[in-house]
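Going by the numbering used here, the residue at position 257 of the sequence shown is 360; the numbering climbs one at a time, nothing skipped. All residues carry an ideal CB built from backbone N, CA and C; glycine is no exception.
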Amino acid sequence: MPPPAGLLACFLIIVIMASSRFAHAFAAATKPQPKVRLWNSGTCPYAQRAWLALLEKGVEFEHKIVDLQNKPEDFVELYASLHPDPSARAKVPILEHCTRDLEEEVPPPTPSTFPTVSSLYDVQVIESNVCAEYIAEAFPDQGHSLLPTRPPDKANMRLLGEIWQTSGMGSYFPILLAARDGDQARLDQELTKLKAGMMVMDRFLCQYGADPAKTPFFLESGFCLGEVCLAPFVQRLLVTLPHWVGVDVLDMAEEEGCRRLRRWMQALAERPSTVASGGSKEETIKNFTRLLEMMKPGGGGAGAGGGAGGATGSTSSK
Numbered sequence: 104m105p106p107p108a109g110l111l112a113c114f115l116i117i118v119i120m121a122s123s124r125f126a127h128a129f130a131a132a133t134k135p136q137p138k139v140r141l142w143n144s145g146t147c148p149y150a151q152r153a154w155l156a157l158l159e160k161g162v163e164f165e166h167k168i169v170d171l172q173n174k175p176e177d178f179v180e181l182y183a184s185l186h187p188d189p190s191a192r193a194k195v196p197i198l199e200h201c202t203r204d205l206e207e208e209v210p211p212p213t214p215s216t217f218p219t220v221s222s223l224y225d226v227q228v229i230e231s232n233v234c235a236e237y238i239a240e241a242f243p244d245q246g247h248s249l250l251p252t253r254p255p256d257k258a259n260m261r262l263l264g265e266i267w268q269t270s271g272m273g274s275y276f277p278i279l280l281a282a283r284d285g286d287q288a289r290l291d292q293e294l295t296k297l298k299a300g301m302m303v304m305d306r307f308l309c310q311y312g313a314d315p316a317k318t319p320f321f322l323e324s325g326f327c328l329g330e331v332c333l334a335p336f337v338q339r340l341l342v343t344l345p346h347w348v349g350v351d352v353l354d355m356a357e358e359e360g361c362r363r364l365r366r367w368m369q370a371l372a373e374r375p376s377t378v379a380s381g382g383s384k385e386e387t388i389k390n391f392t393r394l395l396e397m398m399k400p401g402g403g404g405a406g407a408g409g410g411a412g413g414a415t416g417s418t419s420s421k
């Protein structure tokens with residue numbers, strides 16, 4: 104006697120579902136291992152530079168998230184094997200890249216008096232700017248080109264970061280600290296410094312940058328490596344000041360006549376790779392709240408490794 108049609112249909116559904124799950128599991132098991140690995144905290148603006156560059160270049164990578172408050176032993180050991188100073192605190196990012204065929208046997212580590220970590224990755228890079236530049240150069244034919252080809256553009260791109268820092272635009276943390284402490288006089292003083300920095304940056308963008316009628320970015324070729332390195336800080340500036348100070352930075356730039364700067368900051372903050380690597384506004388505010396608490400007297404200090412701010416000069420996540 105043949106089985107009832109309903110029972111047969113249920114059996115077929117179970118077989119199909121099991122086959123589908125097996126296929127997914129097999130695909131996951133046989134998927135080639137990415138040749139790039141990024142050690143990152145997920146909140147550090149410095150490490151975000153490397154993450155952002157990988158997204159811009161469309162590079163597949165393994166993402167190792169590190170808790171900087173409780174650093175895993177393998178991360179600390181790896182950093183110690185890469186940094187010549189044995190007292191250096193382990194920081195993100197660490198970028199690893201296997202330039203060999205993954206099927207090749209991993210060679211034994213070269214005998215050395217320095218600590219070594221056996222790894223299939225033959226290239227290992229520390230320091231955020233160096234990591235981002237390596238990514239831009241190591242994958243020239245993938246994704247968006249981040250490196251200009253003309254020497255004047257290269258020089259101006261490097262100058263971009265220098266002017267950002269010397270203008271004071273990159274040092275907005277004193278504003279947040281003044282707001283946290285309720286010190287209105289100090290807050291007004293710091294906001295005045297920010298406005299002066301805006302004027303400097305706007306003049307620089309107008310003098311050295313591309314025609315704003317063609318692109319909101321600094322170079323006519325579009326989003327560049329220099330902007331990769333600044334976008335995480337622009338992103339945080341636009342989130343933190345409205346929350347703690349009640350100041351919309353883009354509106355402030357417009358009011359000060361810094362229209363080129365306003366459009367440039369907005370373009371950097373809205374870049375899909377910046378958004379994808381930067382976390383939500385809620386996450387940013389949560390991280391900065393924790394960092395500001397840590398920076399109170401007796402709160403543990405900025406050097407504890409939170410990595411949320413990046414404007415304080417902390418060396419824990421640079």
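Expressed to the nearest angstrom, what Euclidean distance is found between the alpha-carbon atoms of residue i and residue j?
i           : j           : result
residue 165 : residue 137 : 6 Å
residue 423 : residue 314 : The displayed coordinates of the chain run from 104 to 421. Any statement about residue 423 would go beyond what the structure contains.
residue 261 : residue 334 : 15 Å
residue 318 : residue 354 : 20 Å
residue 296 : residue 204 : 52 Å
residue 188 : residue 181 : 13 Å
residue 216 : residue 236 : Note that residue 216 has pLDDT 47, beneath the 50 cutoff, so the model's placement of it is unreliable and no number is given.
residue 324 : residue 374 : 15 Å
residue 132 : residue 222 : For residue 132, the predicted structure reports a pLDDT of 40, less than 50, and the residue's modelled location is therefore unreliable. A value from the coordinates is still provided. Rounded to the nearest angstrom, the two C-alpha atoms are 21 Å apart.
residue 336 : residue 330 : 10 Å
residue 298 : residue 359 : 7 Å
residue 224 : residue 139 : 8 Å
residue 316 : residue 294 : 30 Å
residue 292 : residue 350 : 14 Å
residue 150 : residue 285 : 31 Å
residue 264 : residue 370 : 17 Å
residue 234 : residue 320 : 22 Å
residue 326 : residue 386 : 25 Å
Could you tell me whether the Cβ of residue i comes closer than 9 Å to any Cβ of chain B?
i           : result
residue 384 : Given the protein chain composition of this structure (a single chain), no chain B is represented.
Helix, strand or coil, according to DSSP, for residue i in the structure here?
i           : result
residue 253 : coil
residue 199 : strand
residue 143 : strand
residue 227 : strand
residue 323 : coil
residue 247 : coil
residue 160 : helix
residue 359 : coil
residue 194 : coil
residue 446 : This structure leaves residue 446 out entirely; the chain is present only between 104 and 421.
residue 167 : strand
residue 329 : helix
residue 204 : coil
residue 377 : helix
residue 343 : helix
residue 189 : coil
residue 259 : helix
residue 222 : coil
residue 352 : helix
Between residue i and residue j, is the Cβ-Cβ spacing less than 9 Å?
i           : j           : result
residue 229 : residue 196 : yes
residue 422 : residue 344 : Summary: the structure shown does not reach residue 422, with the chain confined to residues 104 through 421, and so no result is reported for it.
residue 322 : residue 238 : no
residue 290 : residue 352 : no
residue 242 : residue 162 : yes
residue 280 : residue 398 : yes
residue 328 : residue 249 : yes
residue 283 : residue 395 : yes
So, at 8 Å on beta carbons, what are the nonlocal neighbours of residue i in its own chain, with the 5 sequence-adjacent residues on each side left out?
i           : result
residue 266 : 303, 304, 307
residue 356 : 301, 305, 362, 364, 365, 368
residue 232 : 152, 332
How would you label residue i, buried or exposed, when you count the other beta carbons within 10 angstroms and need 16 or more for buried?
i           : result
residue 256 : buried
residue 253 : exposed
residue 202 : exposed
residue 144 : buried
residue 274 : buried
residue 194 : buried
residue 199 : buried
residue 179 : exposed
residue 400 : exposed
residue 422 : A question about residue 422 goes unanswered here, because the residues of the chain that appear run from 104 up to 421.
residue 287 : exposed
residue 191 : exposed
If I measure Cβ to Cβ from residue i and keep anything under 6 Å in the same chain, skipping five residues before and after, which residues do I get?
i           : result
residue 247 : 159
residue 185 : 227, 229
residue 378 : none
residue 272 : 300, 304
residue 311 : 259
residue 270 : 300, 303, 304
residue 338 : 372, 377, 381
residue 245 : 160, 161
residue 174 : 193
Between which residues of its own chain and residue i is the CB-CB distance below 7 Å, once the five residues before and five after are set aside?
i           : result
residue 309 : 363
residue 346 : 388
residue 142 : 167, 169, 178, 195, 196, 197
residue 384 : 342
residue 148 : 335, 336, 339, 413
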